[in-house]
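There are 2 protein chains.
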Amino acid sequence: MFDNAEIAHEVDKATYKKKEPALRQSLLDAQYELLRQKRFPVLILIGGVEGAGKGETVNLLAEWMDPRHLITHAFTVPSDEELERPYMWRFWRQLPPKGKVGIFFGAWHTQPIVDRAMGQSSRSGLDARISEVKRFEKMLTDEGVLLVKLWFHLTRKQQKKRLEALESDKATRWRVGPNEWGLFKRYDKFSKVSEHFVRSTSTGWAPWYVVNGADPRYRALTVGTTLLAAMRDRLDEKKPSTPGGNPPPLLASVDGRNVLRALKLDRHVPEKEYEKKLEKLQGRLNLLSRHEDFKKLSVVAVFEGNDAAGKGGAVRRVFQAIDARFIGSVPVAAPTEEERAQPYLWRFWRHLPRKGRFLIFDRSWYGRVLVERVEGFAEEPAWMRAYQEINDFESDMVASGVVLAKFWLAISKDEQFKRFKEREKTPYKKFKITEEDWRNRKKWDDYERAVCDMVDRTSTDYAPWTLVEANSKYFARLKVLDTLCDAVERGLKRCR
Amino acid sequence: MFDNAEIAHEVDKATYKKKEPALRQSLLDAQYELLRQKRFPVLILIGGVEGAGKGETVNLLAEWMDPRHLITHAFTVPSDEELERPYMWRFWRQLPPKGKVGIFFGAWHTQPIVDRAMGQSSRSGLDARISEVKRFEKMLTDEGVLLVKLWFHLTRKQQKKRLEALESDKATRWRVGPNEWGLFKRYDKFSKVSEHFVRSTSTGWAPWYVVNGADPRYRALTVGTTLLAAMRDRLDEKKPSTPGGNPPPLLASVDGRNVLRALKLDRHVPEKEYEKKLEKLQGRLNLLSRHEDFKKLSVVAVFEGNDAAGKGGAVRRVFQAIDARFIGSVPVAAPTEEERAQPYLWRFWRHLPRKGRFLIFDRSWYGRVLVERVEGFAEEPAWMRAYQEINDFESDMVASGVVLAKFWLAISKDEQFKRFKEREKTPYKKFKITEEDWRNRKKWDDYERAVCDMVDRTSTDYAPWTLVEANSKYFARLKVLDTLCDAVERGLKRCR
């Protein structure tokens, strides 16, 4: 992987002086067209060895382009807010919006390489993280992000020479300390791990560009020309291509049987029994939330369901059980301008809770495979790949200690009709029923189909769906609380 | 202050059942009109003693209103990201946007009261924080936020009874522990401090509503009716009033002399000297940034100046001196939708850096008193009060350990003309010059006036302006670096 980058390159001053102004001008033009089109963001990852010109490249790009539309972020030690969330959270929160150029100085590649080179993770541990990175970058590029991954390489000899040169110059002496020489001592180990990582994550959708960093002029022209080509390619696209082409069809349904129709929706609980059990379950959930190990995990509960299935009522019973300081909810509405300028899942990632907290999503990321699919707001390739992206997202969450519970509240078509009518009659419930609800109802079968596919494809062992028979609100609420208690209990057991 | 709230109140069940549905309906109507008007946010502060129904009130409001447009946030222990920023940062980041209702469970009032009641701050310390709170709330209300501050009170006897009742009920026993009884033991102390705080921060623009919390039905109706009245009042306003009326005029200028004209803009440094000094200053700044105490502070540098005064070049020289991992910049552009839905300063607060970092603002919050004033984008009352709000903002920053440096880069009208022409000739500099720059130039005198007023009103001992003679780019860059070094040095001295 690094063979080519070991070859010596040198660009003389005259050549550089001749080529630089035009390159610079073209980059600037591209940057402005990017800003005008506002169709996608550019994200430049900077990786590689010490002394190979990573910092210089960042400064150079800031000098060549308009720094006002350039967002540079260097990832050093994560904060406690970051440590309490999935690994990828800190990168999500810094993603550049459409139209902007982002530079990540060290990114998701840094930690896996360092951990492995320092002997803090196994080879299979590294490979698991490589898979995670590949899936993440696939999602980013599918969402339209132009990823330009630059790896700056130096041979062992070149690095030694470079560190010595930095050290002997008064102005740059500070850049070389025991830390840098310590890393240099592990040159071979780092090189081996990096080579494996860079090769494995060099995919068709997001290749690494390995650049020899020894000659500043060669480095600058190579980076500039490569970046320009990547940007122009995307900017000049006539019709944005569909990543991966049209997806294959979903499993056909031939006998009308499915998980929803198999539910006994009329399961019932008498009021007296409900009240007794509700109190008991709320007490149980509350005790769990105050368990001493609870501060090591967080709970994310997703509520989806037919319109008028009683999501709000169920959510309120959960709220009642938890100290208001430790529970919050995210009502999922139309995305804001800042959210629309980001990959789909960004607006959910940004809300992920810290440890020791409950967070309720009233509707969720499943909107893409439900309403957006049925109403045609998302195109088929987008919602088809969403299943996998959602599974990855949820897997990241669970791996970081999130207890994830997902509820689909199901009612029958008749029960829905009854509830719609009731809402129209009750003044303070009227706001809950709109023309849209009646329109959605007409697409009952399409929604049913979408729900079955969703359950098929996103009910995983780490984040299973719970289908809740909800013709009786009492029954539904108890089942939700009971399931949630069980999930939290299992989460607490895992902490031990 | 609490006298009225000590009087016993009781609402019987029948009355409550009669009044509740209409109140609930009206609140919902108001909430929807708020959402439709999107003119202002509602922020409800919840304060008061344990057991007085704070949590219950939050849950009740979530039940009465549409929870999808309600944002509840409970402030407990601050995170490290919050601790590394000014005290108010954690509240800023949770402010509800226009059209939404936010509920703060414990807010900026909590810490000052607890600190004083527990003997961790002096009386004058408390009073300083009271002033800070008052100024902050004034700014919020001036910015259109409807603040509804609810204080839930119980007499000593009532609190004891309430805690005992909670303790004896299995379902609520968890809510009363040593912590709650410990607070109760300090009832008198807390009551005294709270009374002082609540009275002092009960202002014409943001009064506290003190509610006796003993009777849940009385409490619910009182809160609901008060909140409704406050919302209706604002929603039904025909023409939004100008807070404080039209401001008095600024100091007249009679002889044309001012701080800008007093500058010797042509101060010059020969190239050789420049290069030598530049290297020395960058080295000095770099050393400072790697000082062991530097992690205890952060640096915010604001760059304002005439168009083409060389801000970008000066900023780059600062960047070159600092390890790219510890410096960032915020280019101030048009506010986003999420930013427009917040008070003016929100979009600057959100970027404030953590400790150990440099942050450059390329243009800043001074936009309000410069371009927005001159171009009429902000009305006079808005930019007039901005001087004070900015001073408060900067005082918060400096108090939390931010080294704040503010630069105005000044060039002469002739020099600007020369630079504009030059930019038009150089292809890769062309993007820097637009029609707007030529238009702004025509308002040279207005801008000059605005700059002088700005310096007058916002050059404080804790955050002075540095006027930089910038006809010579070399001179300007050296002065910027030198001033910045001095400021960081002073900051480091304060840390010791």
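Chains as they are written, first to last, in this note's numbering: chain A, 1135 to 1630; chain B, 1135 to 1630. Ideal Cβ placement from N, Cα and C applies to all residues, glycine included.
Which residue wins for smallest C-alpha separation from L1504(B), given the options V1403(B), I1494(B) and I1524(B)? The option with the nearest alpha carbon to L1504(B) is I1524(B).
Completely contained beta strand (DSSP E) runs for the stretch 1452 to 1488 of chain B, where each covers 3 or more residues: The stretch 1452 to 1488 of chain B contains these whole beta strand (DSSP E) runs: 1461 to 1465.
DSSP state of D1571(A), grouped into three classes? Residue state, collapsed to three classes: helix.
Quick test of the definition: if touching needs 3 or more C-beta pairs under 8 Å, does the stretch 1466 to 1475 of chain A touch the stretch 1465 to 1474 of chain B? Short answer: they touch.
Is the distance from the Cβ of W1517(A) to the Cβ of E1528(A) below 8 Å? In this structure, W1517(A) lies away from E1528(A), with their beta-carbon atoms at least 8 Å apart.
Coil, strand or helix - Y1596(A) by DSSP: Three-state DSSP puts Y1596(A) in coil, outside helix and strand.
Nearest-angstrom Cα distance between P1382(A) and K1291(A)? Roughly 52 Å separates the two Cα atoms.
Assuming F1286(A) is part of the beta strand (DSSP E), what are its boundary residues? Per DSSP, F1286(A) belongs to the beta strand (DSSP E) from L1280 to H1287.
According to DSSP, which residues form a beta bridge with W1542(A)? W1542(A) pairs with E1438(A) and L1601(A).
Compute the Euclidean distance between the alpha carbons of E1271(A) and V1466(A), then round it to the nearest angstrom. Roughly 25 Å between the two C-alpha positions.
So, are the CB atoms of L1195(A) and I1237(A) less than 8 Å apart? Pairing L1195(A) with I1237(A) gives a Cβ-Cβ distance under 8 Å.
Compare the C-alpha of Q1476(A) against each of E1197(A), V1192(A), A1208(A) and E1277(A) and name the closest. Of E1197(A), V1192(A), A1208(A) and E1277(A), the smallest CA-CA separation from Q1476(A) is found for E1277(A).
Would you mind stating whether L1431(B) and C1586(B) have Cβ atoms separated by less than 8 Å? No, they are not a contact pair.
L1161(B) and L1361(B) look like a contact to me (Cβ under 8 Å); what is the Cβ gap, rounded to whole Å? Approximately 7 Å separates the beta-carbon atoms of L1161(B) and L1361(B); this is inside 8 Å, confirming the contact.
What's the call for A1386(A), buried or exposed, on a 16-neighbour Cβ count within 10 Å? Its Cβ having fewer than 16 others within 10 Å, A1386(A) is exposed.
Span separating the alpha-carbon of Q1550(A) from that of R1573(A): If you take the alpha carbons of Q1550(A) and R1573(A), they lie about 13 Å apart.
Residues of chain E with CB under 7 Å from F1609(A), in chain order? Going by chain labels, chain E is absent from the structure shown, which instead holds the protein chains A and B.
Are the beta-carbon atoms belonging to R1611(A) and A1448(A) less than 8 Å from one another? Against a cut-off of 8 Å, the Cβ pair of A1448(A) and R1611(A) comes out as a contact.
Restricting to Cα atoms, I'd like to know which of L1204(B), G1185(B), K1152(B) and M1222(B) is closest to S1463(A). The residue from L1204(B), G1185(B), K1152(B) and M1222(B) with its alpha-carbon nearest to that of S1463(A) is L1204(B).
Give a yes or no on whether the minimum CB-CB distance between P1465(B) and chain A is below 8 Å. Contact with chain A is found for P1465(B), since one of that chain's Cβ atoms lies less than 8 Å from the residue's Cβ.
Please classify N1420(A) as buried or exposed, where buried requires at least 16 other C-beta atoms within 10 Å of its C-beta. When all chains shown are included, N1420(A) counts as buried.
Only counting the same chain, and skipping five residues up and downstream in sequence, which positions put a Cβ closer than 7 Å to that of K1232(A)? Taking K1232(A) as the centre and dropping the five residues before and after it, the same chain places the C-beta of K1172, R1173, F1174, P1175 and A1475 closer than 7 Å to its C-beta, in chain order.
Chain A residues whose Cβ lies nearer than 8 Å to that of T1633(B): Only positions 1135 to 1630 of chain B appear in this structure, which leaves residue 1633(B) out of reach.
Below-8 Å beta-carbon distance, T1594(A) vs any chain B residue: Between T1594(A) and chain B, the shortest Cβ-Cβ separation is not below 8 Å.
At least three beta-carbon pairs within less than 8 Å, the stretch 1483 to 1496 of chain A to the stretch 1476 to 1486 of chain B: The stretch 1483 to 1496 of chain A makes no contact with the stretch 1476 to 1486 of chain B: fewer than 3 CB pairs, one atom from each, lie closer than 8 Å.
Does DSSP put T1191(A) in a helix, in a strand, or in coil? Three-state result, T1191(A): helix.
Candidates V1327(B), E1371(B) and R1269(B), of which the one nearest F1136(B) by Cα: With distances taken between Cα atoms, F1136(B) lies closest to V1327(B).
Output needed in chain order: residues of the stretch 1289 to 1310 of chain B with a Cβ under 8 Å from some Cβ in chain A. Residues K1304, A1305, W1308 and R1309.
W1599(A): buried (16+ other C-beta within 10 angstroms of its C-beta) or exposed? With 16 or more neighbouring CB atoms inside 10 Å of its own CB, W1599(A) falls in the buried class.
Spatial neighbours of V1602(B) in its chain, beta-carbon cut-off 7 Å, leaving aside the 5 residues before and after: A distance below 7 Å between beta-carbons, with the five flanking residues on each side excluded, links V1602(B) to the following residues of its chain, in chain order: F1541, W1542, L1543, A1544, A1610, K1613 and V1614.
DSSP state of H1207(B), grouped into three classes? H1207(B): strand per DSSP, three-state reduction.
Since Y1166(A) meets chain B, which of its residues come closer than 8 Å, beta carbon to beta carbon? The answer, in chain order, is F1565.
What are the boundary residues of the alpha helix (DSSP H) that N1525(B) is part of? Looking at the DSSP string, the run of the alpha helix (DSSP H) that includes N1525(B) is E1514 to A1533.
Alpha helix (DSSP H) containing W1420(B): first to last residue? In the sequence as presented, Trp is not what sits at residue 1420(B); that position holds Asn. Unbroken alpha helix (DSSP H) run through N1420(B): E1405 to S1423.
Alpha-carbon spacing of Y1581(B) relative to D1400(B), whole angstroms: Answer to the nearest angstrom: the Cα atoms are 20 Å apart.
Does any C-beta atom of chain B lie closer than 8 Å to the C-beta of N1313(A)? Not one chain B Cβ lies under 8 Å of N1313(A).
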